[in-house]
């Protein structure tokens, strides 16, 4: 549990065998290491020497220099620098990066233990397959051949969508990009990663409010905040170093910290005001706050007039949320919300922070939009110290999302429309017709080709794929109900912990129904043991990110470069090498890598991958961060200001650390990056921006463009739409384009005679252009111009390439244009279900999705307690790597449930006893009870990092020998239930029901 044990007495222990001898002694660190022998501490010691113990030679050690290598922690999204100490290729020690603007020499427990993550003895050491119920070692050649043959057979019989390629937030940017490109060449949009189940509702909600779906400011910019409003997050445990930035503002600015959470967390312990509210009532809480703000006229009226559209419709909804109604729904007294509202109004600019407590709901997109609207009402957007600071959970979940490892996007959020595919085909130098031929056409129920509303055949190339949150249903659903030609037959889990997903009882069934299950990971993960399969499972050892190099994007949109610390350990291979091996097997490696140099026979050049996505990702400004610029920043971290992130002198002078996107134009333009999105007080060339014009120029006869406000230095002193060549021509600015830029634009527009390479175009001086050139290229815009010229010219004249518009509070394309409170599917407040019902059942992302048909049933009598979940400081994600790390495994050895003492006393449960936690869909877990006031009466909390037990059964014996994590436990998601966001299919994990009984 969470208590130190001071004697040899074990309290009702469900101790896993690997730790039994340790626990019987003590759990203070020294006694732990003494008692663990080679089981834990001894293995770590062996790992430091590469697996063997030899006599030290002092003279040799002194003579040989120890190298230091900069890398980035592979846990949360803060982006802490790790300085690895490497002796003759062996990683022997580490220090935090004292020059890093992000961590300034600080580490959390996970960051301090990453060396052991790379050198871990519990890693997969070689490819394996399960045959006849036994794990057998195989070669890489055999693995690629057997798996590839199975996939090709399924592709032929069932179609390319019957193989699901699940990617990872643990890919670096280059690997993520190559992975999405690889899936396109295979011919499927059944590709996704962890962002779907952590911040997809953030991306959709935020992007549809003001343009980009990302953190607007930075951890460092919080230093300037006069107030900090945190809802649904626990940075003290989930992103510990980020808390240091928050505390700096709290201490130096006297910035009040307001924490809204159903649970009194370690972050809440630092709060000036803690607001406990009922899980799943975020929109009601925000509208309750805005009721006081609007009622008293405290909103920023001029800001709203010039930069916001639709606030009047928000006011109409907010009028309903009187203090009495808000308290009825949220449980928060009106007097407290009035006090919070006054605090926010009187301490501007204030920042608003949220994490998965706000996103993982069936109406998660409503939550994130409501948060944004609160900041717009207060005028806190586009200012230093303001913004929405959205803390991401994995080290590269931001980058992998940006690079398109998603079932509804291509790299750079280009979507799946024909124009987006045409753009990327040009970047790749690919025959678009060949690419189209890789995808299946959708068949109707009668076996004939399906058609859209206009009567056109439906290509699955242009249809959203199945999201990772629903891959289970992609296997189990009746094929007649799925918008693809067959169910999923082969599942590839690449760097993904399945226990981080809900409905694990059904997941077990789905895994057993697959033809083939492929796991690619440094660790076997719960994927190896959850099911009862005896055959058809493959485990392929991927390297950690410390065994390769490449860029990684922190939560604030800054790119950092990891250098390779050590050679791949055991028989593991890098993700990009494994992709190459599969591409060769499938016969398209030459096409996939036509623009990429090779370091060796099967290893693509990482820097060439960076340069290729630089050539295509104009939408979000991933074009100016060349490998050379990113590496220069890492080498000169000490030159960057620790609050503004701007370099003051040195070789990076004027740049913002990590070139946070958008970093406009080509690398040669030397754009410094954008530290704070939508900040009009800076010129665009200096990192400023207005809100993005991506929703048209008017709606219902009302202007959607900004009114009379603009970035510093803009020659258009009002709102304006996004830039096209035609707009440059209308302004007379098209003559600023260079001949080379014009030649590349001609090539993009497919003008005859310009189908040549960049090298052949050269400087293009004296090149003749056809007389109708301007007309033929008029539709080329800032997103599709591969020369970067349109962006360069717009910025030269002080304008943002994407236009200057108002943020919108009303998203007319969403199920709820104005964010509404809707009760969770499993609600114990039946009175509120009648007043605030969920959606009707509907179909999207290829699958039928249930809402009203679940909520119409009352489960509250049998399952009266609200169940929520979250993080611990010791572990990350599904926990496979951190529970396999001896230094972290020591700290938290038991899975548990937090129960309020009142509930526990009523149920006859004592602290430390074993209990069953069961959800209304039948999944149940056997865990240890922790009685605590952290949760209110009627609410229970479980962490989600555990796995390896399933409904009371210890699955340790099912792991490959030597690859089982030190600590196992039940997964909370076995007891979690069905429920998906109405826009993104984000899973619901924060507000379901359960019952708790003594075990």
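Numbering (our numbering), first residue to last: 10 to 1008.
Just so it is clear, CB atoms sit at the ideal spot from N, CA and C, and this is done for glycine as well.
Just so we're clear, the structure is a prediction, and the values are computed from it rather than from any experiment.
If you draw a straight line from the Cα of residue 535 to the Cα of residue 516, it comes to about 11 Å.
Linking residue 294 to residue 322 through their CA atoms gives a straight-line distance of about 18 Å. With a 10 Å radius around the Cβ and a threshold of 16 neighbouring Cβ atoms, residue 878 comes out buried. When rounded, the separation of the alpha-carbon atoms in residue 652 and residue 115 is 16 Å.
Judged by DSSP in its simplified three-state form, residue 857 adopts strand. Out of 649, 813 and 676, the CA that lies nearest to the CA of residue 666 is found in 649.
Taking the C-beta atoms as reference points, residue 509 is found nearer than 8 Å to residue 887. Cβ atoms of residue 974 and residue 892 come within 8 Å of each other, at about 4 Å. Taking each of 243, 146, 336 and 356 in turn and checking the Cα distance to residue 970, the smallest one comes out for 146.
Inclusion of residue 523 and residue 538 in the CB contact set at 8 Å is not warranted, their separation being larger than that value. The C-beta distance from residue 778 to residue 758 rounds to 11 Å, too long to meet the 8 Å contact threshold. By the Cβ rule, the region 706-715 does not count as touching the region 603-622, because fewer than three pairs are nearer than 8 Å. Nearest neighbour of residue 87 by Cα position, chosen from 489, 266, 117 and 330, turns out to be 117. Distance from the Cα of residue 101 is smallest, within the candidate group 74, 400, 83 and 84, for 74. DSSP, read as helix, strand or coil, puts residue 435 in helix.
The continuous alpha helix (DSSP H) containing residue 251 extends over residues 249-261. Closest by C-alpha distance to residue 875, out of 967, 999, 793 and 988, is 999.
Within the region 871-950, complete alpha helix (DSSP H) segments of at least 4 residues are found at 895-898 and 910-916, given in chain order. Within the same chain, Cβ atoms closer than 7 Å to the Cβ of residue 216 are found at 222, the five residues on either side in sequence being excluded. Runs of the alpha helix (DSSP H) lying entirely within the region 777-807 and spanning at least 4 residues, in chain order: 782-785 and 798-805. For residue 760, the secondary structure class from DSSP, reduced to helix, strand or coil, is coil. Per DSSP, residue 96 is one residue of the beta strand (DSSP E) stretching across 90-96. Annotation note: the region 132-212 contains the following uninterrupted alpha helix (DSSP H) runs of length 4 or greater, listed N- to C-terminal: 149-167 and 182-195.
364 is the residue among 187, 830 and 364 whose C-alpha sits nearest the C-alpha of residue 564. Put simply, of 249, 94 and 162 the residue whose alpha carbon is nearest the alpha carbon of residue 595 is 162. Around the beta carbon of residue 142, fewer than 16 other beta carbons lie within 10 angstroms, which makes this residue exposed.
One thing to note: residue 396 has its Cβ within 8 Å of the Cβ of residue 225. Measuring C-alpha to C-alpha distances from residue 833 to each of 822, 872, 827 and 846 identifies 846 as the nearest. Measuring C-alpha to C-alpha distances from residue 761 to each of 786, 527, 85 and 443 identifies 786 as the nearest.
When DSSP assignments are scanned along the region 389-455, the uninterrupted stretches of alpha helix (DSSP H) that are 4 or more residues long and fall wholly within it turn out to be 406-411, 427-437 and 441-446. Residue 917 counts as exposed, since fewer than 16 other beta carbons sit within 10 angstroms of its beta carbon. Residues of the same chain with a CB within less than 6 Å of the CB of residue 703, apart from the 5 flanking positions on each side, are 220 in chain order.
Short of 6 Å from the beta carbon of residue 732, and not among the five residues preceding or following it, lie these beta carbons of its own chain, in chain order: 791, 799, 803 and 810.
Annotation for residue 521: 540, 541 and 542 place their beta carbon closer than 7 Å to its own, counting only its chain and skipping 5 residues before and after.
Distance from the CA atom of residue 137 to the CA atom of residue 965, rounded to whole angstroms, is 17 Å. Among the bridge pairs identified by DSSP, residue 612 is matched with 609.
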